[in-house]
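To start, the structure itself, in structure tokens.
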Amino acid sequence: AQRSIVDESVEVFQARLTAARYGEITTEIDTVDFAAAFFYAEPYHQQYLAKNPNGYCGIGGTGVSCPIGLGS
Numbered sequence: 003a004q005r006s007i008v009d010e011s012v013e014v015f016q017a018r019l020t021a022a023r024y025g026e027i028t029t030e031i032d033t034v035d036f037a038a039a040f041f042y043a044e045p046y047h048q049q050y051l052a053k054n055p056n057g058y059c060g061i062g063g064t065g066v067s068c069p070i071g072l073g074s
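For the working numbering, add 2 to where a residue sits in the sequence shown, where the first one is 1.
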């Protein structure tokens, strides 16, 4: 059930990205046991912006919104 919602979200968001002249989504989506596969990031990544108030995020965003509530 969750996988179909994920696939639908990717399909809808990809259509919006394409309409805005962006490329393909290349993130690999895999089935995973999240409880068993979760790892905390290294300490220097924790609370990055709190530790570095003038820090940066290399992702500028696309301005394209991703719909929520699919599959409900």
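No residue lacks a Cβ here, since even glycine has one placed at the ideal position from N, Cα and C.
Here the region 16-26 makes contact with the region 54-68; the two share three or more CB pairs at distances below 8 Å. In the three-state reduction of the DSSP assignment, Ala52 falls in the helix class. Between the C-alpha atoms of Tyr58 and Ile31 there is a straight-line separation of about 26 Å. Its chain contains no residue whose beta carbon lies nearer than 8 Å to that of Val34 once the 5 sequence neighbours on both sides are disregarded.
Beyond the five residues adjoining it in sequence on each side, Phe15 comes within less than 6 Å, by CB distance, of Cys68 in the same chain, given in chain order.
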